[in-house]
Amino acid sequence: MLVKQTIELLQRYIDSLGYKPVIHFELEGCYSFSLQNKDKKLDFSAVNSILSSLNIEGELVPEYWANQWEYVSKFNGQSPLEEANNLDVVIKRLPAILALQGVEQTLIKPVVWSGDRGKLAVNCENVFSAEHRAVHIPNAVQINVSVVNENNENIVANTLFGDHLQYAFMQSSLGCCLLYLPEEEAFERLALKTRYGLAQELCSPVNISGGHQGSIALYKKIGKHNQPMGIKTLLVDQYNNALVSEYNWQETARIEHRLGASSLRYCAYSNVVFALLNVIEALHCYKNQTKIPIAPNEVNLPSSLNDTKLGHGAITLFRENQWFSHSINTVQNNFTDKISAQLPKNIGDKLKKSILESYQFTGEIYLEQ
9 MLVKQTIELL QRYIDSLGYK PVIHFELEGC YSFSLQNKDK KLDFSAVNSI
59 LSSLNIEGEL VPEYWANQWE YVSKFNGQSP LEEANNLDVV IKRLPAILAL
109 QGVEQTLIKP VVWSGDRGKL AVNCENVFSA EHRAVHIPNA VQINVSVVNE
159 NNENIVANTL FGDHLQYAFM QSSLGCCLLY LPEEEAFERL ALKTRYGLAQ
209 ELCSPVNISG GHQGSIALYK KIGKHNQPMG IKTLLVDQYN NALVSEYNWQ
259 ETARIEHRLG ASSLRYCAYS NVVFALLNVI EALHCYKNQT KIPIAPNEVN
309 LPSSLNDTKL GHGAITLFRE NQWFSHSINT VQNNFTDKIS AQLPKNIGDK
359 LKKSILESYQ FTGEIYLEQ
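So this is what it looks like as structure tokens:
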């Protein structure tokens, strides 16, 4: 499989530089039982027992909205390729796993229309008013990225590498948005806040932005909600209140790429390639002590897979983007080992072509030449 070969190539190259990339996925989705079982709730422990039996290094947990779940990968030292394998299996097999409990629909899609009802009270984040209205639930795929050195130290925490990595992601994310926004409904997800007046209820990002609260966030000591990062509860009382906690933000410092949309078309492998290419670019800048440019302004994402009157769509942006394929080819041409020598030439061009070919004709999308 071409994309797996590419991941292995990039992993070996980063290893030759003396570093190890750490990549973790978070995937959101929803579920529904039949009308006669509409009040039934999912047994998450049973789901996680099955995931464990499949050697999946992750678990399913409840999310914010009713009948919403989140798959969260565990920190078990898995490689980026192993992490991609885990998510690929979850996307393909989770519907059958939930069906064992009588779940009628497992929704791995960008938007679950009218997935919940309610309206937040004024100036509240978790308290709902008596007013009810349909809430269209956005489901995300998030990539968390950090890098450790030969001493197993997270260099996002104790160097300027994290700033380089955030900048790299902000520069590359527009041209590669097809990878993490792989279907038309993903662009509907981006417009939910403004189009349906759900800005207070929804916190999903809508454009490419930086800082520690943007869609491509650098987290060190504080997180998205200005909470301390890296707090681990060690001891609780009988009411489950924390008695003893450990604070280690250096371990959890990372870049969160929060723009992806849940989709059955989401390819974990090509998105790991995207993440690793940004790691490589940031490592080169970091090792060369390149001055970090001023952070770019917020950038709007396209409104469709296809071109519109407003500009290019995601397919055209990716077709015209040279960074993705060129970066892969450059690694291949400058790094040689016994395995790399057996790869097809210009593997970056071939991978890019295969991704675009999947959009030539589908049941929904026709790309005019």
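Counted from 1, the sequence shown has number 51 at position 43 by the numbering used here; the numbering is strictly sequential.
All C-beta atoms, glycine included, are put in the ideal place defined by N, C-alpha and C.
Here the structure is a predicted model, which is why all the values come from computation and not from measurement.
By the Cβ test, the segment 216–225 is not in contact with the segment 344–363, since fewer than three Cβ pairs between them sit closer than 8 Å. Just so you know, the alpha carbons of ILE302 and ILE15 end up roughly 30 Å apart. Less than 8 Å separates the beta-carbon of LEU309 from that of ILE216. If the five residues before and after VAL80 are omitted, its C-beta is found closer than 7 Å to the C-beta atoms of GLU34, GLY66, GLU67 and VAL69, all from its own chain and listed in chain order.
A distance of 8 Å or more separates the beta carbons of ILE105 and LEU173. The continuous alpha helix (DSSP H) containing LEU200 extends over residues 200–203. The segment 276–284 and the segment 22–42 touch, with no fewer than 3 CB-CB distances between them shorter than 8 Å. Taking 8 Å as the cut-off, the beta carbon of TYR21 is found no closer than this to the beta carbon of ASN157. Sorting GLU71, GLN76 and LYS82 by C-alpha distance to the C-alpha of SER60 places LYS82 at the top. Rounded to whole angstroms, the Cβ separation of ALA165 and ALA261 is 4 Å, and the two are in contact under 8 Å. In this structure MET9 is exposed. Its beta-carbon is surrounded by fewer than 16 other beta-carbon atoms within 10 angstroms. The C-alpha of ASN296 is placed about 54 Å away from the C-alpha of GLU112. Secondary structure in the segment 129–193: the alpha helix (DSSP H) runs of 4 residues or longer, each lying completely within the stretch, are 163–166, 169–180 and 185–188 in chain order. By the neighbour-count definition (other C-beta atoms within 10 Å, threshold 16), HIS292 is an exposed residue.
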